[in-house]
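Novice: Sharing a structure here in structure tokens format.
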Ligand SMILES: [Zn+2]
């Protein structure tokens, strides 16, 4: 696993000033790299999100290393929760979706 | 042209496009819900078969080495073929599909997209970027998808002709024979390096990774296993080279049949950014071609005879593509969307015709594909999808440590 400890929000691969960059999120999803450090993902995969996102099992933030998930929560929002999964579905936004961001659906929660 | 301007698509109303998207979503949901033990048993069976084939081949080469020439010959030939087929299975039906994350839901520590390293020159990490992301996200988009000719061949009329292209038939033969090394260099993006656009740090990191992987592959097939055959090391070395050659030519053939037959369209970058899921689905159907064949042929092709279904659902288990294909084809018929397919020899015949025709300037040959648009010309190579990130790179915004 290749990762560098995230020192500040500016060092997060898929975020720009704390805001998700759509193109990078897609890149993380498909090339299966960590949204925080940009390195190849490991197993299990971690997702972070609000309690609501955990409840719906659909996340906006890209997949992360388990250690990187802690960095992201610390740097962006400590109230976020972390879930672990073996795999995930990447869901592109549909025309009728009000929120035009892709989502991640963990498919084998641990 | 943007997807919305494609003639094969123009007859659809926006509502119909969304309806198609919804029907494809339903196909996906059905597979996700029924994914389970039977599928897991399938991939485990394929992996076990592949490992036995490889082991039998390696053992055959070693134990036959002290034997009489009359016996050694046939054992060596059988071992060579078995190794070639094992490499094909490993790269195509196992490696390619595992790295797409098709089997991640099993949460198996071994059969997982993050841990699989395949038996070929390209490091898995670079494949997941150049193939899973660049090729699958920007499928057949000129200037983005580097699979359009692999940076070596001119495969679209919109790519500017250059006298160098006259040598295409030769480059094509070289690419086929040396395919694993062509793929190994794929993510480096030679075009960007030539233009001085490649980040030198990233290039160095990638080159190091390729050198390490390439060295291990060469050591295994050309030093270690030949050494185990003692005096007959030369025969084992030749057998391994033949097996690698078999795999190279086969994977080249299958991959080229996926996007270059006449029916597979090219696109321009317009509206790519705001493409909806339904539009993305349609671009995948229109830019891709299937081929027909037996179940065995499909397994040995990594299920890429179902290239259309693979592009629609790259992360659904490959053993489910045959049943998905029946539904996708019916959907295409219902909405009068082209579904490009044909026997393998016909599809490859069309690929060869494109390679030969496009070695010449456009005015000397006719077009066999629906046109991409009026007067569209692109430079060779890949427009960097990461260009948006470049700014942040320059600012030192993020860094990636070498593994
Ligand atoms: Zn990470």
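Protein chains in written order, with my numbering: chain A, 274 to 383; chain B, 1066 to 1468. Every residue, glycine too, gets a C-beta built ideally from N, C-alpha and C. Quantities reported herein were computed from a predicted structural model and do not represent experimental measurements.
Report, in whole angstroms, the separation of the C-beta atoms of residue 1153 of chain B and residue 1343 of chain B, which I expect to be a contact under 8 Å.
Specialist: Start at 1 with the first residue of the second chain, and residue 1153 of chain B comes out as number 88. Start at 1 with the first residue of the second chain, and residue 1343 of chain B comes out as number 278. Actually they are not in contact, since the Cβ atoms of residue 1153 of chain B and residue 1343 of chain B sit about 35 Å apart, beyond 8 Å.
Novice: Heavy atom of ligand 1 less than 7 Å from the Cβ of residue 1177 of chain B, yes or no?
Specialist: Working through the second chain from its first residue, we reach residue 1177 of chain B at position 112. No, ligand 1 has no heavy atom inside 7 Å of this Cβ.
Novice: Over what stretch of residues does the alpha helix (DSSP H) that includes residue 1388 of chain B continue unbroken?
Specialist: Residue mapping note: residue 1388 of chain B aligns to position 323 of the second chain, counting from 1. Residue 1388 of chain B -> alpha helix (DSSP H) spans 1386-1399.
Novice: List the residues that DSSP assigns as beta-bridge partners of residue 1310 of chain B.
Specialist: As a first step, residue 1310 of chain B is located in the second chain; it is residue number 245 there, counting from the start. In the DSSP output, where bridge partners are listed per residue, residue 1310 of chain B has none listed.
Novice: The stretch 1188-1209 of chain B: which residues have C-beta closer than 7 Å to a C-beta of chain A, in chain order?
Specialist: Listed by position along the chain: 1190, 1193, 1194, 1197, 1198, 1201 and 1202.
Novice: What residues from chain B crowd round residue 343 of chain A, counting only those whose CB sits closer than 9 Å?
Specialist: Stepping through the first chain from its first residue, residue 343 of chain A is reached at position 70. Neighbours of residue 343 of chain A on chain B: none; closest Cβ ~18 Å, over 9 Å.
Novice: Checking 8 Å against the spacing of the C-beta atoms, do residue 374 of chain A and residue 333 of chain A come in under that value?
Specialist: For the purposes of this step, residue 374 of chain A is taken as residue 101 along the first chain, with counting starting at 1. For the purposes of this step, residue 333 of chain A is taken as residue 60 along the first chain, with counting starting at 1. Yes, the Cβ-Cβ distance between residue 374 of chain A and residue 333 of chain A is below 8 Å.
Novice: Would you kindly check if the distance between the Cβ of residue 304 of chain A and the Cβ of residue 1193 of chain B is under 8 Å?
Specialist: Here residue 1193 of chain B refers to the residue found at position 128 when the second chain is read from its first residue. Here residue 304 of chain A refers to the residue found at position 31 when the first chain is read from its first residue. Yes, the pair counts as a contact, with Cβ atoms nearer than the cut-off.
Novice: Below 7 Å on C-beta distance, what does residue 1118 of chain B contact in chain A?
Specialist: Here residue 1118 of chain B refers to the residue found at position 53 of the second chain. Result: empty, since nearest Cβ-Cβ is about 27 Å, beyond 7 Å.
Novice: Is there a Cβ from chain A that is less than 8 Å from the Cβ of residue 1267 of chain B?
Specialist: On the second chain, residue 1267 of chain B is found 202 positions in, with the first residue counted as 1. No, its Cβ sits nowhere closer than 8 Å to a Cβ of chain A.
Novice: Report all residues from its chain with a CB closer than 6 Å to the CB of residue 1314 of chain B; omit the five preceding and five following residues, and keep chain order.
Specialist: Numbered from 1 along the second chain, position 249 holds the residue referred to as residue 1314 of chain B. If we look at residue 1314 of chain B and ignore the five residues flanking it on each side, its Cβ neighbours are 1241.
Novice: Does the Cβ of residue 1076 of chain B have 16 or more other Cβ atoms within 10 Å, making it buried, or fewer, making it exposed?
Specialist: Against the second chain, residue 1076 of chain B aligns to sequence position 11. The residue in question, residue 1076 of chain B, is exposed, as its Cβ has fewer than 16 Cβ neighbours within 10 Å.
Novice: Hey, would you say residue 1371 of chain B sits closer than 8 Å to residue 1387 of chain B, going by beta carbons?
Specialist: Locating residue 1371 of chain B in the second chain gives position 306, counting from the first residue. Locating residue 1387 of chain B in the second chain gives position 322, counting from the first residue. The answer is yes: Cβ separation under 8 Å.
Novice: Use the C-beta contact count for residue 1168 of chain B: other C-beta atoms within 10 angstroms, 16 or more gives buried, fewer gives exposed.
Specialist: Along the second chain, one-based indexing puts residue 1168 of chain B at 103. Looking at its Cβ environment, which holds 16 or more other Cβ atoms inside 10 Å, residue 1168 of chain B is buried.
Novice: Just curious, the beta strand (DSSP E) that residue 362 of chain A is in, first and last residue?
Specialist: On the first chain, residue 362 of chain A is found 89 positions in, with the first residue counted as 1. It spans 361-364 - the beta strand (DSSP E) in which residue 362 of chain A sits, taken as one unbroken run.
Novice: Any beta-carbon of chain A closer than 8 Å to the one on residue 1445 of chain B?
Specialist: In the second chain, residue 1445 of chain B corresponds to position 380, counting from 1. At residue 1445 of chain B the pLDDT is 41, less than 50, meaning the model places this residue with poor confidence; the figure from the coordinates comes in the next sentence. By this cut-off, residue 1445 of chain B is not an interface position.
Novice: If we define contact as Cβ-Cβ less than 8 Å, is residue 1109 of chain B a contact residue for chain A?
Specialist: Along the second chain, read from residue 1 onward, the residue named residue 1109 of chain B stands at position 44. Closer than 8 Å: no.
Novice: Is the stretch 1204-1220 of chain B in contact with the stretch 1416-1429 of chain B, if contact means three or more CB pairs nearer than 8 Å?
Specialist: Yes, they touch.
Novice: Check each candidate in B/1405, B/1105 and B/1112 and name the one with the smallest Cα separation from residue 1365 of chain B.
Specialist: The residue given as residue 1365 of chain B occupies position 300 in the second chain. If we check each option's Cα against that of residue 1365 of chain B, B/1112 comes out closest.
Novice: Contact between the stretch 1206-1215 of chain B and the stretch 1141-1151 of chain B is defined here as three or more beta-carbon pairs at a separation below 8 Å; is this criterion met?
Specialist: Judged by Cβ distances under 8 Å, the stretch 1206-1215 of chain B makes no contact with the stretch 1141-1151 of chain B, as fewer than three pairs qualify.
Novice: Would you decide whether residue 1265 of chain B is buried or exposed? Buried here means 16 or more other CB atoms lie within 10 Å of its CB.
Specialist: By 1-based counting over the second chain, the position of residue 1265 of chain B is 200. When all chains shown are included, residue 1265 of chain B counts as exposed.
Novice: If we ignore side chains and look at the alpha-carbon of each, how far apart do residue 1306 of chain B and residue 1197 of chain B end up?
Specialist: To locate residue 1306 of chain B, count along the second chain from 1; it is residue 241. To locate residue 1197 of chain B, count along the second chain from 1; it is residue 132. Distance between the alpha carbons of residue 1306 of chain B and residue 1197 of chain B is about 28 Å.
Novice: Between the beta-carbon of residue 1147 of chain B and the beta-carbon of residue 1164 of chain B, is there less than 8 Å?
Specialist: In the second chain, the residue the question calls residue 1147 of chain B occupies position 82. In the second chain, the residue the question calls residue 1164 of chain B occupies position 99. Taking 8 Å as the Cβ cut-off, residue 1147 of chain B and residue 1164 of chain B do not qualify as a contacting pair.
Novice: Going along chain B, which residues have a C-beta under 8 Å from residue 351 of chain A?
Specialist: Within the first chain, numbered from 1, the residue matching residue 351 of chain A stands at position 78. By Cβ distance, chain B contributes nothing, its closest Cβ being about 21 Å from residue 351 of chain A, past 8 Å.
Novice: Return yes when the C-beta of residue 310 of chain A is under 7 Å from any heavy atom of ligand 1, and no when it is not.
Specialist: On the first chain, residue 310 of chain A is found 37 positions in, with the first residue counted as 1. Correct: residue 310 of chain A has its Cβ closer than 7 Å to ligand 1.
Novice: Are there any heavy atoms of ligand 1 lying less than 7 Å away from the beta-carbon of residue 1324 of chain B, as far as the coordinates show?
Specialist: Indexing the second chain from 1 puts residue 1324 of chain B at position 259. Answer for residue 1324 of chain B: no, Cβ out of range of ligand 1.
Novice: At a cut of 8 Å, does the stretch 318-330 of chain A reach the stretch 349-366 of chain A through at least three beta carbon pairs?
Specialist: Result yes; three or more Cβ-Cβ pairs closer than 8 Å.
Novice: List the residues of chain A that residue 1078 of chain B touches, going by C-beta distances under 8 Å, in chain order.
Specialist: Translated into positions along the second chain, residue 1078 of chain B becomes position 13. The premise fails here: residue 1078 of chain B is roughly 13 Å from chain A at the closest Cβ pair, so nothing lies under 8 Å.
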